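K.L.:
Numbering (this note's numbering), first residue to last: 517 to 680.
Glycine residues also receive a C-beta, built at the ideal position from the N, C-alpha and C atoms.
Fair warning: this is a prediction, and the values are worked out from it, not measured in the lab.
So this is what it looks like as structure tokens:
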């Protein structure tokens, strides 16, 4: 989380689509901070920002015909962080492409159509809960670790006092 917000990368080579997605997310999910990219390579270079999820368009070649497509960027993100939820959001509606994307580890696949933003809202609600629950699990594990260390040092102190 970034400043109490969930950081989300959005990658689409269409500036108007980026603006639509940003506006939609801002209106429905004030707890999500969006950083937008027009290509996947820039997003990969900014992975140190620690996004909690990524939304990627499949076709990213408007500006550069040689640009990596969404599937290639998905695979790069998964290589860096296998647990990172990646949502593919694309006009690409071929079932074999969708199957390949899901097989590569996509959290969800949303086809751009008349109901795509309804589906995106559902997916982002699930994603938000996923991120919040993971943060709680991490916090609980840290507390357990701290309690264990505290107990260990208390016992070590008592043992040294007893045998001193």
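1. Answer yes or no: do residue 521 and residue 547 have a C-beta to C-beta separation smaller than 7 Å?
2. Should residue 537 go down as buried or exposed, given a rule of 16 or more other Cβ atoms within 10 Å for buried?
3. Secondary structure at residue 625, three-state DSSP: helix, strand or coil?
4. Between which two residues does the alpha helix (DSSP H) carrying residue 636 extend?
5. Taking contact to mean 3 or more Cβ pairs, one atom from each stretch, closer than 8 Å, check whether the segment 647-662 and the segment 617-626 are in contact.
6. Rounded C-beta distance between residue 620 and residue 587? I'm assuming under 8 Å.
7. Ends of the beta strand (DSSP E) at residue 548?
8. Can you tell me whether residue 636 is buried or exposed, with buried defined as 16 or more other CB within 10 angstroms of its CB?
9. Along the chain, where does the beta strand (DSSP E) containing residue 563 start, and where does it finish?
10. How about residue 540 and residue 605: do their beta carbons lie closer than 7 Å?
11. Using the rule of at least 16 other Cβ atoms within 10 Å of the residue's Cβ for burial, across every protein chain shown, is residue 678 buried or exposed?
12. Assign residue 657 to buried or exposed, taking buried as 16 or more other Cβ atoms, counted over all protein chains shown, within 10 Å of its Cβ.
13. Can you tell me which of the three DSSP states residue 545 falls into?
14. Three-state secondary structure (DSSP) at residue 576?
15. Looking at residue 659 and the ligand PLP, is the gap between the Cβ and the nearest heavy atom below 6 Å?
P.N.:
Taking the geometry as given:
1. By the CB criterion at 7 Å, residue 521 and residue 547 fall inside the cutoff.
2. Classification of residue 537: buried, given that the 10 Å Cβ count is 16 or more.
3. Three-state DSSP puts residue 625 in a strand.
4. Where residue 636 is concerned, the enclosing alpha helix (DSSP H) stretches over 632-679.
5. Between the segment 647-662 and the segment 617-626, the count of C-beta pairs closer than 8 Å stays below three; the two stretches do not touch.
6. The pair is a contact, with the Cβ atoms about 6 Å apart (cut-off 8 Å).
7. In this chain, the beta strand (DSSP E) harbouring residue 548 covers 548-553.
8. So residue 636 counts as buried.
9. Residue 563 -> no beta strand (DSSP E), and no H or E assigned at all.
10. Their beta carbons are not under 7 Å apart, which means residue 540 does not touch residue 605 by this criterion.
11. Burial state of residue 678 is exposed, judged by a 10 Å Cβ sphere holding fewer than 16 other Cβ atoms.
12. Classification for residue 657: exposed.
13. In the displayed model, residue 545 falls within coil according to three-state DSSP, outside both helix and strand.
14. The answer is coil: DSSP assigns residue 576 none of H, G, I, E or B.
15. Inclusion of the ligand PLP in the displayed structure is not the case, the ligand content being empty and no account of it being possible.
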